Ligand SMILES: Nc1nc2c(ncn2[C@@H]2O[C@H](COP(=O)(O)OP(=O)(O)OP(=O)(O)O)[C@@H](O)[C@H]2O)c(=O)[nH]1
Ligand SMILES: [Mg+2]
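Numbering (the working numbering), first residue to last: 1 to 390.
Given below as structure tokens:
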């Protein structure tokens, strides 16, 4: 829905964006909010800005309080093929799952909130390793900053995929809805959106570079340009994927949504009413997510979990081979499903991409191998690719 903001408000938003000092930013955001007219079209925006203000205020207070105290470590460097974050409420069995599926050394207890910092572990799957991270428990109000919620949700935002842990000893649909609600408020989407808009603002004069990778719906490139300029955005690289509307562009000016594929893991299958609660969960999920029910004490569940994660992430492995060698590299390249030979070359090196001219591909899915293919050839999982340059 269009927000129809007055020019003054747009200008104030830009000022808030550019402010480096948190106090100045807070002040600008408060002024911005007072300039936003109250109607249906601005409802979401106003809620979003209020959350931003509350978070910023808390950050300023925390900084004052924390001077000299130890900080909790929340950022975890990515390792392996993908980083997956386990989200769930307290005592749902997140640590138990992590301990059963990975090599992590983690404390399991029946006390609430045992895990206070993210804990990583590696889950092997075929020739890949997934990095699984237990996030601290998520509670209602996490997106507004309760119980380190902002940091926990930032972990999820930074990950490649999510495991939503649902405990079958309690009401499963209530747990799931709470998680989805907090994710939505943090603008982390678990459903693939029709469009994604990325705005990378630069402070030097490169002008507006708008790259339309998909298509524009109900607007032209000029409209997008005009909208950005009305927010005083004059230097930025803007990438539009999928079918983007002008509303999508405006939304992402305020804060971009990210899509994180998710699966549900149901825990505590051994409790008395687990089978009927699993049915309840299935009916409220209604095929929106894959549900994996594996006993967390049983290591054999690791393979099933690995496979479901691999499927949900929308990635494939390809093995590259040098033209003069017989063997392909033992370690796969991880690329997005439906990637082309050109995109693989780009991932290897941008210079390599420029010089590539064709490839030879070995695969069981082809009637004969190797097959000589062009740069637009779409790759599949386990393809062996030999790139040729000009
Ligand atoms: N019956 C049963 N109990 C389980 C299962 N998995 C975990 N538990 C118990 O549930 C309690 C909480 O387990 P944790 O793995 O520590 O839960 P958590 O989600 O990591 O909890 P916090 O980190 O404290 O928020 C412990 O007492 C576990 O023994 C299971 O499959 N069945
Ligand atoms: Mg734990």
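Quick reminder that beta carbons are idealized off the backbone N, C-alpha and C, glycines included.
Given the structure is predicted, the values throughout are model-derived calculations rather than measurements.
Best match in the options for proximity to residue i [C-alpha to C-alpha]
| i | options | result |
| --- | --- | --- |
| residue 355 | 144, 157, 342 | 342 |
| residue 79 | 37, 133, 323 | 133 |
| residue 210 | 198, 369, 37, 187 | 198 |
| residue 442 | 271, 65, 75, 249 | Limits of the chain in this structure are 1 at one end and 390 at the other, which puts residue 442 out of reach. |
| residue 292 | 173, 151, 165 | 165 |
| residue 321 | 236, 333, 311, 312 | 333 |
| residue 233 | 302, 244, 254 | 254 |
| residue 105 | 113, 114, 111, 121 | 121 |
| residue 8 | 18, 34, 21 | 34 |
| residue 325 | 386, 368, 6 | 386 |
| residue 312 | 139, 288, 329 | 288 |
| residue 97 | 64, 302, 348, 52 | 302 |
| residue 366 | 352, 383, 358 | 383 |
| residue 150 | 192, 75, 112 | 75 |
| residue 147 | 171, 27, 114, 109 | 114 |
| residue 243 | 212, 319, 317, 262 | 212 |
| residue 259 | 380, 38, 270, 184 | 184 |
| residue 4 | 27, 227, 318 | 227 |
| residue 278 | 380, 81, 169 | 169 |
| residue 369 | 135, 361, 194 | 361 |
Segment limits, alpha helix (DSSP H) that includes residue i
| i | result |
| --- | --- |
| residue 164 | Element bounds for residue 164: not the alpha helix (DSSP H) but the beta strand (DSSP E), 161-167. |
| residue 280 | 274-285 |
| residue 312 | 301-313 |
| residue 30 | 22-35 |
| residue 15 | 7-18 |
Start-to-end residues for the beta strand (DSSP E) that takes in residue i
| i | result |
| --- | --- |
| residue 293 | 291-293 |
| residue 195 | 195-201 |
| residue 131 | 128-134 |
Beta-bridge pairing of residue i - partner residues as DSSP gives them
| i | result |
| --- | --- |
| residue 123 | 130 |
| residue 316 | 335 |
| residue 321 | 386 |
beta-carbon residue i near ligand 3 non-hydrogen atom, thresh 6 Å
| i | result |
| --- | --- |
| residue 156 | Ligand 3 is absent from the structure shown, which contains only ligand 1 and ligand 2. |
Would you mind listing the alpha helix (DSSP H) stretches within the region 336-386 that are 4+ residues and don't spill past its ends, in chain order? 341-348, 350-355
Residues passing the C-beta test against ligand 2 heavy atoms, cut-off 6 Å: 94, 95, 114, 115, 134
Quick check on the DSSP output: what are the complete beta strand (DSSP E) runs of length 3 or more inside the region 206-272, in order along the chain? 208-212, 236-244, 262-267
Runs of beta strand (DSSP E) lying entirely within the region 41-120, each at least 3 residues, in chain order: 82-87
Only counting runs of 4 or more residues, tell me where the alpha helix (DSSP H) segments fall wholly within the region 137-192, in order along the chain. 149-158, 172-185
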